[in-house]
Amino acid sequence: MSYLPILINLATCEELQKIKGIGPKRAARIISYRNEISEISAPTELIAASGLSPLQVKELSKQIDWSPSQELVNYSSSTVIFTLLSSIVTIIFSFSHIMISPTTNTQYVLNLAIILVIFSACGNVIELFRGRKMPFWGLLALLLLMTGIFTLSILVLLPSTHELSPNIISSLKTALVLLVLLNFIVYLNIGPSLYLRYQLAKGASIRTLRIAETLYGYTYIFLAFISFYILIFLNSELWYEELFSLWISFTLVLNGFEMLKGTSPFLFNLSSMEANRMRFLLRQETPYERPFPKPDRTTIIGNFYIVLGGVILIATFATLLLI
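Just so you know, we're using the working numbering here: the sequence shown kicks off at 528 and counts up by one.
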């Protein structure tokens, strides 16, 4: 006799207890997780919510239907706004650099690279409105972007090997810098959600999520120094370097104040449901897995964010006055 899989996100306490290894206490924990945190979308969450071991969850996964009871919550409003605007600008700007009548192989390669970047931006827009566990469009967009940017970089770095005119090379350098800056904005906003959804779908360890949270916070500092470098050495007397610097300065200050409240930049860029899910997962660390606690580190980095953001803001206005 065959049994239908149990809907993990709709099952009652009694129905959950029909699953091997789940008793009254674990069933109550699962329901509490569903009510207070989010729906269970992957084995990783069931492990955290129920206290079952990874091996137990693997054995009983065939008894479970992971379908959500409602449409998944999409990305946070700020992520949607910045990603959408950056993607639209990327599409429009990229179209303006396509060569209408290519005559050489290099020109065809240039067009192909630009088309890949355009498809990448379109993929990010699609991903914003697709409530799915596995961010397929977001991951595909990232792959297309990396391929397109790498190809454009080769064309810029090796001008002696192709048949593009100096004017086109100069325009291409400007386009490359702008596209890189635009996509920094895209992936700093959408990146945390993409990474969390991907890791949950494939069953990441809590340690991996903790490392990602830490590295993401330091990425802002890296981009701050990139912004300084661009303002000083690569300023093209156009508008986008200053706009990027303004964005990174305000973002640093905003994230800095959130860090003083105890919220990491990674969590701050997640939707409220995803942030709750992430916090719950990170609380599952054992004393042996948890890094040595340094309660002052978040405060120090938060203050550094605020100061660094203010310095970049001053440098940006100084640059604007000198143009």
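For glycine and all other residues, C-beta sits at the position ideal for the given N, C-alpha and C.
Worksheet item: Alpha carbon to alpha carbon, how far is I574 from F755?
Response: For I574 and F755, the distance between alpha carbons rounds to 44 Å.
Worksheet item: What number of angstroms, rounded off, separates the C-alpha of T630 from the C-alpha of I712?
Response: Each residue's alpha carbon lies about 34 Å from the other.
Discussion item. Please classify F609 as buried or exposed, where buried requires at least 16 neighbouring CB atoms within 10 angstroms.
Written reply: The residue is buried, with at least 16 neighbouring Cβ atoms inside 10 Å.
Worksheet item: Just how far apart, CA to CA, sit W664 and V838?
Response: Approximately 37 Å, taken between the alpha carbons.
Worksheet item: What's the gap between the Cα of I851 and the Cα of I738?
Response: The question about residue 851 has no answer here: the residues shown for the chain are numbered 528 through 850.
Worksheet entry | L847, buried or exposed, once every other Cβ within 10 Å from all chains shown has been counted against 16 | Flag for L847 reads exposed.
Worksheet item: Of the choices N638, T843 and Y560, whose alpha-carbon is the least far from that of F807?
Response: Out of N638, T843 and Y560, Y560 has the C-alpha closest to the C-alpha of F807.
Worksheet entry | 7 Å Cβ cutoff met for L727 and T571 | L727 is a Cβ neighbour of T571, given a cutoff of 7 Å.
Worksheet entry | Contact the stretch 766-776 vs the stretch 530-537: 3+ CB pairs below 8 Å | Contact between the stretch 766-776 and the stretch 530-537 is absent: fewer than 3 CB-CB pairs across the two stretches fall below 8 Å.
Worksheet entry | With 16 other Cβ atoms within 10 Å as the buried cut-off, status of N651 | A residue is called buried once 16 or more other Cβ atoms fall within 10 Å of its Cβ, and N651 is buried on that count.
Discussion item. Pull the bridge partners of L534 from the DSSP assignment, please.
Written reply: Its beta-bridge partners are D592.
Worksheet item: Using DSSP with H/G/I as helix, E/B as strand and the rest coil, what is E566?
Response: Under the three-state reduction of DSSP, E566 is assigned to coil, being neither helix nor strand.
Practice prompt. Measure the Cβ-Cβ separation of A555 and Q544 and say whether it is below 7 Å.
Written response: Taking the C-beta atoms as reference points, Q544 is found no nearer than 7 Å to A555.
Item to complete: Tell me whether F622 sits in a helix, a strand or coil according to DSSP, three-state version.
Response: F622: helix per DSSP, three-state reduction.
Worksheet item: If you scan the stretch 729-769 from start to end, which runs of the alpha helix (DSSP H) of 4 or more residues do you find wholly inside it?
Response: With a minimum length of 4 residues, the continuous alpha helix (DSSP H) runs that stay inside the stretch 729-769 are 733-760.
Worksheet item: Do you know whose CA, among Y602, I546 and S604, lies nearest E586's CA?
Response: Its Cα nearest to that of E586, the residue I546 stands out among Y602, I546 and S604.
Discussion item. Please state the DSSP three-state secondary structure of T606.
Written reply: Helix, per DSSP.
Worksheet item: Taking the alpha-carbon positions, what's the F793 to E801 distance?
Response: In a straight line, the C-alpha of F793 is about 11 Å away from that of E801.
Practice prompt. Tell me whether the beta-carbon of I549 lies closer than 7 Å to the beta-carbon of E542.
Written response: No. Outside cutoff.
Item to complete: Just the C-alpha distance for W593 and S798, rounded to the nearest angstrom, thanks.
Response: Distance from the CA atom of W593 to the CA atom of S798, rounded to whole angstroms, is 21 Å.
Discussion item. Could you tell me which whole alpha helix (DSSP H) segments of length 4 or greater appear in the stretch 641-706?
Written reply: The stretch 641-706 contains these whole alpha helix (DSSP H) runs: 663-684.
Worksheet item: Can T606 and N716 be called in contact, C-beta distance under 7 Å?
Response: For T606 and N716, yes; Cβs fall inside 7 Å.
Worksheet entry | Extent of the continuous alpha helix (DSSP H) to which Q583 belongs | For Q583, the enclosing alpha helix (DSSP H) covers residues P581 to L587.
Worksheet item: For chain B, is any of its Cβ atoms less than 7 Å away from the one on S697?
Response: This model lacks chain B altogether; it includes just one protein chain.
Worksheet item: Could you give the residue range of the alpha helix (DSSP H) that holds P629?
Response: Premise fails: P629 is in no alpha helix (DSSP H) and is neither H nor E.
Worksheet item: Considering only C-alpha positions, which residue in the set Y832, I759 and I757 is nearest to T778?
Response: Closest option to T778, Cα to Cα, is Y832.
Worksheet item: Are the CB atoms of T678 and A640 nearer to each other than 7 Å?
Response: Less than 7 Å divides the Cβ of T678 from the Cβ of A640.
Discussion item. If you follow the alpha helix (DSSP H) that S799 is in, where does it begin and where does it stop?
Written reply: S799 to L809 is the extent of the alpha helix (DSSP H) around S799.
Fill in: Separation of A569 from V707, as counted between CA atoms
Whole-angstrom Cα-Cα distance: 33 Å.
Practice prompt. Use the C-beta contact count for R804: other C-beta atoms within 10 angstroms, 16 or more gives buried, fewer gives exposed.
Written response: Residue environment: R804 is assigned as buried (16 or more neighbouring CB atoms within 10 Å of its CB, all protein chains considered).
Practice prompt. Taking the CB atoms as reference points, tell me whether Y602 and L655 lie closer together than 7 Å.
Written response: In this structure, L655 lies closer than 7 Å to Y602 by Cβ.
Worksheet item: Mind checking whether L709 and V834 have CB atoms under 7 Å apart?
Response: For L709 and V834, no; Cβs fall outside 7 Å.
Worksheet item: Just the Cα atoms here: how many angstroms apart are N796 and P719?
Response: Just so you know, the alpha carbons of N796 and P719 end up roughly 7 Å apart.
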